[in-house]
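Take a look at the structure below.
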């Protein structure tokens, strides 16, 4: 089986940072989000190495290796690795709600089983995900692939793939920080250099700003989905870290994670940008420094009104995670 570490988190919780830190280990590799969605204009999207994704030698080689595995013409901008791109409106509607308690997931699976399009698509995405993991291991010589796709429902189906040996890292971040990014992703959740935002094109393609109340609901629901899923996993298959702990002591956190993943803790590389990586996803992949800095801009930018709105929706859950 191919070894995969899956980072499970609400979006903008630090998963790209963690993936790149782990991916700098000589026995690991990451390209960020293997689900490979929301890439915008593929002709302008850039790999973290700086090349246009369509011209990057790494991704061209991945395409060749995918062809060896029976998937000719593979293009990461149309990867076909996401269950959510199923060509069926019926199935797509059933996949829209986030992961829920076991009874609801049983109903979801029963309803999805009635769709031939879903059954075919699930088989195909499992094949393509396995082939992509194998291709990444071959091109890098790594023993483990790090997937920062974050989504609990995607993980649910990956866990059913007999070709993958999966360990789960659940990542939690203060909901006030995450919710702020949801209200303005361009300012708080992209590359430091504005010219490299929007997938490296500099084009602003952030979605319309959410209200803080809506952002808090999204953060809460995503974490509830993650909690529902990990409660069903064997304790040896998952571990949990906080973004703030990673930033405060990256060396100690990475040593813990390497032990969990079966990687040599002595070979962690905190200078993670010294290793050329080919990452897609969050714009921080374009930043230059390997310094791990705690981002707490929410303390300055969150208004009293927004803080109250967040607290009314997600304050109790945030406090359960240790944030006061």
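Numbering (the numbering used here), first residue to last: 4 to 327. Just so it is clear, CB atoms sit at the ideal spot from N, CA and C, and this is done for glycine as well. No experiment lies behind these values; they were computed from the predicted model shown.
| Asked | Found |
| --- | --- |
| Compute the Euclidean distance between the alpha carbons of residue 118 and residue 251, then round it to the nearest angstrom. | 48 Å |
| Just to confirm my understanding: we take residue 5, look at its own chain, exclude 5 residues before and 5 after, and list those with CB closer than 8 Å. What are they? | 133, 136, 137, 140, 148, 166, 167, 168 |
| Have a look at residue 243 and residue 290 and give me their C-alpha separation to the nearest angstrom. | 26 Å |
| Within this structure, are the beta carbons of residue 225 and residue 39 separated by less than 8 Å? | no |
| Entirely within the region 236-305 and at least 3 residues each: give me those beta strand (DSSP E) ranges in chain order. | 241-245 |
| Does the region 31-49 touch the region 92-107, meaning 3 or more C-beta pairs lie closer than 8 Å? | no |
| Go ahead and pull the three-state DSSP assignment for residue 175. | strand |
| Please name the residue in 327, 26, 156 whose C-alpha comes closest to that of residue 179. | 327 |
| Round the Cβ separation of residue 8 and residue 170 to the nearest angstrom and send it over; I've been treating them as touching at under 8 Å. | 5 Å |
| How is the alpha helix (DSSP H) around residue 69 delimited, first residue to last? | 60-71 |
| Is it true that the region 312-323 meets the region 65-75, where meeting means three or more beta-carbon pairs spaced less than 8 Å apart? | no |
| Looking only at its chain, what residues have a beta carbon closer than 8 Å to the beta carbon of residue 94, apart from the 5 residues adjacent to it on each side? | 115, 118, 120, 121, 124 |
| Which residues in the same chain as residue 77 place their Cβ atom closer than 6 Å to its Cβ, once the five residues preceding and following it in sequence are excluded? | 66, 69 |
| How long is the line joining the alpha carbons of residue 204 and residue 288, rounded to whole angstroms? | 14 Å |
| Given a cut-off of 8 Å, decide if residue 151 and residue 36 are closer than it, judged by their beta-carbon atoms. | yes |
| Need the endpoints of the beta strand (DSSP E) that residue 147 sits in, please. | 147-153 |
| Would a C-beta distance cut-off of 8 Å place residue 186 and residue 192 closer than the cut-off? | no |
| Starting from residue 316 and walking both ways along the alpha helix (DSSP H), at which residues does that stretch end? | 307-323 |
| Which residue or residues does DSSP assign as beta-bridge partners of residue 35? | 283 |
| List, from N- to C-terminal side, the alpha helix (DSSP H) runs of 4 residues or more that fit wholly inside the region 106-153. | 119-143 |
| Assign residue 63 to buried or exposed, taking buried as 16 or more other Cβ atoms, counted over all protein chains shown, within 10 Å of its Cβ. | exposed |
| To which residues of the same chain is residue 324 closer than 6 Å at the C-beta, ignoring the five residues directly before and after it? | 175 |
| Going by the CB atoms, is the gap between residue 304 and residue 61 shorter than 8 Å? | no |
| How would you label residue 237, buried or exposed, when you count the other beta carbons within 10 angstroms and need 16 or more for buried? | exposed |
| Can you say whether residue 33 is buried or exposed, counting buried as having 16 or more other CB atoms within 10 angstroms of its CB? | buried |
| What did DSSP end up calling residue 56 once you bin it into helix, strand or coil? | coil |
| DSSP three-state call for residue 101: helix, strand or coil? | coil |
| Quick one: give me the first and last residue of the alpha helix (DSSP H) that residue 8 is part of. | Note, residue 8: premise wrong, no alpha helix (DSSP H); beta strand (DSSP E) at 5-11. |
| Going straight from the alpha carbon of residue 239 to that of residue 108, what length do you get? | 23 Å |
| Excluding the 5 residues preceding and the 5 following residue 199 in the sequence, name in chain order all residues of the same chain whose CB lies nearer than 7 Å to its CB. | 205, 286, 289 |
| Could you compute how far the alpha carbon of residue 47 sits from the alpha carbon of residue 298? | 28 Å |
| Is the CB-CB distance between residue 233 and residue 173 below 8 Å? | yes |
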